[in-house]
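Residue numbers (our numbering), protein chains in the order written: chain Y, 1307 to 1605; chain D, 1307 to 1605; chain B, 1307 to 1605; chain H, 1307 to 1605. Every residue gets a Cβ at the ideal spot worked out from N, C-alpha and C, and that includes glycine. Everything below concerns the one structure shown next.
Number of protein chains: 4
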Amino acid sequence: MAKIDLQGIFPPITTPFINGKVAYDKLASNVEKWSRTGIKGFVVLGSNGEYVYLSEEEKRRLVDSVVESAADEMLIIAGTGCESTAETLRLTEDCAKLGAHAALVVTPQYYAGRMSESALMTHYSELADQSPLPILLYNVPKFTHINLAADFVARLSEHPNIVGIKDSSANVIQLGEILNGVAGGFDVMVGTAGVLFAGLTLGCVGGVLALANIAPEPCVKIFKQVQAGDFEAARDLQLKMLPVNQAVTAVYGVPGLKAAMDMLGYFGGDPRLPLLPSSERERSEIEVILRKADLLNQR
Amino acid sequence: MAKIDLQGIFPPITTPFINGKVAYDKLASNVEKWSRTGIKGFVVLGSNGEYVYLSEEEKRRLVDSVVESAADEMLIIAGTGCESTAETLRLTEDCAKLGAHAALVVTPQYYAGRMSESALMTHYSELADQSPLPILLYNVPKFTHINLAADFVARLSEHPNIVGIKDSSANVIQLGEILNGVAGGFDVMVGTAGVLFAGLTLGCVGGVLALANIAPEPCVKIFKQVQAGDFEAARDLQLKMLPVNQAVTAVYGVPGLKAAMDMLGYFGGDPRLPLLPSSERERSEIEVILRKADLLNQR
Amino acid sequence: MAKIDLQGIFPPITTPFINGKVAYDKLASNVEKWSRTGIKGFVVLGSNGEYVYLSEEEKRRLVDSVVESAADEMLIIAGTGCESTAETLRLTEDCAKLGAHAALVVTPQYYAGRMSESALMTHYSELADQSPLPILLYNVPKFTHINLAADFVARLSEHPNIVGIKDSSANVIQLGEILNGVAGGFDVMVGTAGVLFAGLTLGCVGGVLALANIAPEPCVKIFKQVQAGDFEAARDLQLKMLPVNQAVTAVYGVPGLKAAMDMLGYFGGDPRLPLLPSSERERSEIEVILRKADLLNQR
Amino acid sequence: MAKIDLQGIFPPITTPFINGKVAYDKLASNVEKWSRTGIKGFVVLGSNGEYVYLSEEEKRRLVDSVVESAADEMLIIAGTGCESTAETLRLTEDCAKLGAHAALVVTPQYYAGRMSESALMTHYSELADQSPLPILLYNVPKFTHINLAADFVARLSEHPNIVGIKDSSANVIQLGEILNGVAGGFDVMVGTAGVLFAGLTLGCVGGVLALANIAPEPCVKIFKQVQAGDFEAARDLQLKMLPVNQAVTAVYGVPGLKAAMDMLGYFGGDPRLPLLPSSERERSEIEVILRKADLLNQR
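And the structure:
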């Protein structure tokens, strides 16, 4: 299996809905627009894609649609994590057939108290043994209430088909410990733009960032500035983008991210219930934040 | 819609698997055995039923199978909660057609930080408005990291088609506050045998109890003793069953519950991965606990 | 050492301040008034006594003052827990000299992550070995972020000079496990009125209850009703008092408790900063709650 | 009041005990040794100084002793935070008289649920209004279970006598938000070496670091490398020191820090009970970690 190149910025793309149905045409036009921003590829079926609200059929069609729409050089990563090992494997195999290049596998979470390292080792090993796609671990304690500790990630990194991690913990100490501990060739990706600059300067190869749905260019710029050793500029841009990132993640969540997309020329639309669309007041607040960060023209 | 009668004990039944496939014959024999213990009915597709590991097809067939196997007087409650409102409604409608009498609807959980009371009110109201089955709320913060607070439950209880709650928080203060606040005719059910005696003496109408999978008779006995005013005997039996309940819930989880079933004449079997089956050592510890509680003969 | 009798209700009394200074005369008149309500004794220097805001000198004088003011048959329990073992022992010895009958010792908490069972065993054993007073454990995770688990309490209960526990966790499962596990003669006391009825019916000998500062008579009544086997009446009174208890603990805290005291004929007064006194709005809300529970005359 | 200069590295020094008594001579020799390492000054009475185990008298004498032992150019910061506002002010005044240059004031914590922004604003404002020393906020949620959010820190930074913060949350997003929000001239200090490099590159002026008790030179080196723009070298040293820092903070705590001091030519000694000294096994593990980081000679 040829090693995939994860260096760069990936938006974990939102799923557009119109009247509760997936709007594949809007997805295609978003993909086209994102493709011109310097990003390295796409993550489909991630947390920002409301994957927990999608049927198996919708998941397959979404991956298919992105593979079709995206330029050839784009790397397509599919979120294939399900609660059960068997279902995760089945979806991973389907996504491989559809042309995805890697699978991003979130930790199972419902029985969090039983997800011991033994259980998770079994889950990821069985999957990686059989998966036709290289596996990326996905650590997102905010949603799963499970954390993949650095020494456990180091053990998982020994598997030849587990090739990286998206760590969305925002825990920079842990990022450092992971970087210190993992096997050679295992890639560490920043999972939230809130610590993009910190993660890249420590040695992460790239980022999978909700923020890249609405502000891919600044994310790519920070990535390139750090690569070029221009740390001061990268730091300044990081601090400028920080309030925007907080808005579209911690404060207003996926609905806020979609609202911001609508303001910035992408199709955002409403989330599926029970996620409520942003209120008018929230949209006004988001707009102010986008203007302050020069993502929208100052009035 | 005729009011359903929730007074009594309900096991949230486990799902038997053989080689990873649902063993419907084992389910039928379990149901037959449970039916002779004095329980009031069954909860299918609950947390102890590993519902998060079941496909839609399996869910429907499981409900169908229990409806077929159970005696006519048994009340069948189906766990129909999914992450999205639309999918929850669809499954609820399917379960109604299959003959279930009520739907137990867990709180959506993945985007826990966005599950405001507005979001949850929308979710449950839309569902209850359209559901052909009466809705029971299911509060299980241990798994969902969301708690339905008492005053919010009181508001939900005003809906004519939201008829009760299974509160598995084990929070007896909250049980009291819920009992104080809810509309007349809204039933409060204890969701864990650890506070069965406490909940019943406070005014809960019954219990949905993992423990009732392996020890339905003692659960029914506590229920009847409290009804008869024989509190001392109920208290003694509660304290005797407490270590067993802790073992098959907090300590060893669903795998331990299934292992205990195997020891007690039911079919337990293995859980689906990533839940690991109980180890030999864990089984020995469980056996000791069952013997101490006189559920297995003392050696 | 003669065994102390903990059967009954104890208010963990508030500390009256006027202009930031301890008002010993107000304390004496409160003690006199409480003494006529049927309570068994007093806890001085507890969490509701703002013990963390008191100097060593004030602590000693407060114990002295309560010993002087209280009737001879009243049991005086002093909160002597400090962060260090040595300081705890010194204060315990001082309180013994001043005439206290037992010491209530909260878990040290600042270095919560280091408070392993070894550390806590050393702390309590050293103390109990040397203390002239019998030791009561004080488990209050709400404030300390440490929980004394049932099996650890069972081990501590083997020490001849550790004679009981006030468990303020409100965890009724844990109360049951403690009752199941502790040595004979070790007394378990309910630490919050929210689970007074549940705790007493399970086998607790009494209660140390913030609520008993403002409503000692109902607390004593519930205690006597349970002793007399009149569970229905006890349950009804428990449910009636529940909103009051929540108000003066979880919702409005020590400032709210003191405000309620002022409304009910005791001297409450202001807490020490940084605890802020209840606002006018909060006082109005508290008043409504007291009226609904018939503690204040209905208007 | 002349502005104090917080640029640089400060160890929050441990308190040496021999047979439970403060060993002032050992303190003096430690201070002398640290003074030759390039640090900017000292924090006395911090969390690593076991301040919660010290009497008022010991606190005063410790500050006095450090002021006496330290070279004139050293900045002396005293940890004066107590639970009550009044006691905090009194200790701050005492430390001013003893020659300290600034006061580091931890958030009160026992009644964490009542420590609203109003309560904390009152606490810090009253203190800052009256304090003869400039006030540094001390945010250490690990110990206090309270977090000073960035927008609240921004509000506090408007007070002319609140001049900075030591943020030990290890939350780099929050560090960025604080840097974005605070008033000009308000200094942000990294509170844990785990994010020293990340904090300094973002714009923090210096660090108060447990690690600087045992490895002041590498901490100073990282500080100077970042100042000089030599980010790659700083990053490498950061990653090399990370396991050491985790050992003497999260893993082995203050006892482990003191054990490491003993290995590295400082006087560490035992902590006060209930903190237990590191076991032999823990000391061996610490030694291995120190060797791997080249702080002890490789065997």
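Measure the CB-CB distance between D/F1573 and D/K1327 and report whether it falls below 8 Å. No, these two residues do not count as a Cβ contact at 8 Å.
The region 1485-1502 of chain D contacting the region 1454-1463 of chain D, beta-carbon criterion three pairs below 8 Å: Yes, since at least three Cβ pairs between the region 1485-1502 of chain D and the region 1454-1463 of chain D fall closer than 8 Å, the two stretches touch.
Within 8 Å (strictly less), CB to CB, does Y/M1567 reach chain D? Among the residues facing chain D, Y/M1567 is not included, as its CB has no counterpart in that chain under 8 Å away.
By Cβ distance, which residues of its chain are closer than 6 Å to B/V1478, with the 5 residues on each side in sequence left out? If we look at B/V1478 and ignore the five residues flanking it on each side, its Cβ neighbours are V1501, A1504.
So, does the CB of Y/F1323 fall closer than 8 Å to a CB anywhere in chain D? Under the Cβ criterion of 8 Å, Y/F1323 is not counted among the residues facing chain D.
Among the candidates H/L1508, H/T1320, H/W1340, H/I1310, whose CA atom is the shortest distance from the CA of H/V1526? If we check each option's Cα against that of H/V1526, H/W1340 comes out closest.
Helix, strand or coil: how does DSSP classify B/P1318 here? B/P1318 falls in the strand class under three-state DSSP.
At the 8 Å Cβ level, is D/P1549 part of the contact set with chain B, yes or no? Residue-level contact by beta carbon holds for D/P1549 and chain B, with a gap shorter than 8 Å.
What are the complete alpha helix (DSSP H) segments, minimum 4 residues, inside the region 1325-1360 of chain Y? List check, alpha helix (DSSP H) in window: 1330-1341.
Thinking C-alpha only, which one of H/P1561, H/D1536, H/C1510 is nearest H/N1519? Per the C-alpha coordinates, the member of H/P1561, H/D1536, H/C1510 positioned closest to H/N1519 is H/P1561.
Applying a beta-carbon distance threshold of less than 8 Å, which residues of chain H neighbour Y/V1496? Per Cβ cutoff of 8 Å: no residues; Y/V1496 is ~11 Å from chain H at best.
Of all Cβ atoms in chain B, is any one closer than 8 Å to the Cβ of D/A1455? No, D/A1455 lies away from the interface with chain B (no Cβ there is under 8 Å from its Cβ).
B/R1342 to B/P1522, Cα distance in whole Å? C-alpha separation (whole angstroms): 10 Å.
Y/F1449 (DSSP reduced to helix, strand or coil): The answer is helix: DSSP assigns Y/F1449 an H, G or I state.
Below-8 Å beta-carbon distance, Y/R1578 vs any chain D residue: Yes, its Cβ sits closer than 8 Å to a Cβ of chain D.
Name the chain B residues whose beta carbon is nearer than 8 Å to that of H/F1449? For H/F1449, the neighbours in chain B by C-beta distance under 8 Å run, in chain order, Y1416, Y1417, A1418.
Is the Cβ-Cβ distance between Y/A1553 and Y/I1528 less than 8 Å? Taking 8 Å as the cut-off, the Cβ atoms of Y/A1553 and Y/I1528 do not count as close.
Partner residues on chain H for Y/G1559, Cβ-Cβ distance less than 7 Å: Contact of Y/G1559 with chain H by beta-carbon distance below 7 Å is absent, the smallest such distance being about 16 Å.
For the alpha helix (DSSP H) holding B/I1595, just list the boundary residues, first then last. For B/I1595, the uninterrupted alpha helix (DSSP H) run begins and ends at 1586-1598, by DSSP.
For the beta strand (DSSP E) that contains Y/K1472, what are its first and last residues? 1468-1473 is the extent of the beta strand (DSSP E) around Y/K1472.
Relative to the alpha-carbon of Y/T1654, which residue among Y/V1532, Y/S1390, Y/A1409 has its alpha-carbon at the smallest distance? One cannot answer for residue 1654 of chain Y here, as it falls past the ends of chain Y, which runs 1307 to 1605.
Cβ neighbours of B/Q1544 in the same chain (closer than 7 Å, five flanking residues each side left out): Counting only Cβ-Cβ distances below 7 Å, and skipping sequence neighbours, we find L1502, F1503, I1528.
Helix, strand or coil for Y/L1601 per DSSP? The answer is coil: DSSP assigns Y/L1601 none of H, G, I, E or B.
Contact between the region 1362-1372 of chain H and the region 1342-1354 of chain H is defined here as three or more beta-carbon pairs at a separation below 8 Å; is this criterion met? The region 1362-1372 of chain H is in contact with the region 1342-1354 of chain H.
For B/R1587, would you say it is in contact with chain D, using Cβ-to-Cβ distances shorter than 8 Å as the test? Answer no: the Cβ-Cβ gap between B/R1587 and chain D never drops below 8 Å.
Helix, strand or coil: how does DSSP classify Y/A1434 here? The answer is helix: DSSP assigns Y/A1434 an H, G or I state.
Check whether the Cβ of H/R1461 lies closer than 8 Å to any Cβ atom in chain Y. By this cut-off, H/R1461 is not an interface position.
So who's on the other strand from D/L1381, going by DSSP bridges? When DSSP reads this structure, D/L1381 sits in a beta bridge with D/G1347.
Who are the neighbours of D/L1326 on chain Y, taking C-beta pairs under 7 Å? One detail in the question is off: residue 1326 of chain D reads as Gly in this sequence, not Leu. For D/G1326, the chain Y residues whose Cβ falls inside 7 Å of its Cβ are A1392, in order along the chain.
So, helix, strand or coil for Y/I1441, using DSSP? Three-state result, Y/I1441: strand.
Closest to B/Y1359 by C-alpha separation, out of B/L1563, B/M1547, B/I1595, B/R1578, would be which residue? Distance check between B/Y1359 and each of B/L1563, B/M1547, B/I1595, B/R1578 places B/R1578 closest, using alpha-carbon atoms only.
Starting from H/V1514, follow its DSSP beta bridges and name the residues at the other end. DSSP output for H/V1514 lists H/F1316 as bridge partner(s).
Could you check which residue in D/V1373, D/G1571, D/Q1436, D/L1426 has the C-alpha nearest to that of D/Y1444? Comparing Cα positions, the closest option is D/L1426.
Pairwise C-alpha distance: D/F1316 and D/V1594: Cα atoms of D/V1594 and D/F1316: separation of roughly 26 Å, rounded to the nearest angstrom.
Quick one: list the residues of chain H neighbouring Y/T1507, beta-carbon separation under 7 Å, in chain order. Neighbours of Y/T1507 on chain H, chain order: T1507, F1537, R1541.
Going along the chain, which residues of the region 1342-1363 of chain H sit with their C-beta nearer than 7 Å to a C-beta in chain B? Against chain B - using a Cβ distance shorter than 7 Å - the residues of the region 1342-1363 of chain H are V1358, Y1359.
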